[in-house]
Amino acid sequence: MDYLLDLGFTNLELDNLKETLNPEIKSMVIEFPKIVAVNYQYLNNLGISNLKEVFTNHTKMFLLNPDNFKSIFDKYDEADLVRCIEKNAAVVEKL
């Protein structure tokens, strides 16, 4: 999971993730780093300021096929999407 450091996570945040993630999700995050990184970077490029919160609380979503992941967000106006996610990170589960 050290690749998350390259995505901007600190060692402390990474340690916290390792301790709190569901073991099955944690295993998949370890097994599929490219998928997680592509999906994380997609949202990062949108400029979502609370992206670490989104990732930490909705990690499973970042394991989706990148095309499917992107299609979830592409159907919304980008500015509205960013505003909604920054206001309430849990909204990603409802998209």
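Per our numbering, numbering through the sequence shown is continuous, rising by one, with the last residue being 192.
Ideal Cβ positions, reconstructed from N, Cα and C, are used throughout, including at glycine.
- In the three-state DSSP reduction, Leu148 falls in the helix class (H, G or I).
- Between Glu175 and Leu143, the gap from beta carbon to beta carbon is short of 8 angstroms.
- For Asn119, the three-state secondary structure derived from DSSP is coil.
- Annotation for Ser146: Glu183 place their beta carbon closer than 7 angstroms to its own, counting only its chain and skipping 5 residues before and after.
- Ala186 and Leu140 have their C-alpha atoms roughly 12 angstroms apart.
- Spatial neighbours of Lys157 in its own chain (CB-CB distance under 7 angstroms, excluding positions within 5 residues in sequence) are listed in chain order as Ile122.
- Nearest C-alpha to Glu110 among Met98, Pro120 and Val189: Met98.
- Boundaries of the alpha helix (DSSP H) harbouring Phe166: Pro163 to Asp171, taken from the DSSP string.
- Taking a contact as a CB-CB distance under 8 angstroms, the pair Phe166 and Asn136 counts as one, their CB atoms being some 5 angstroms apart.
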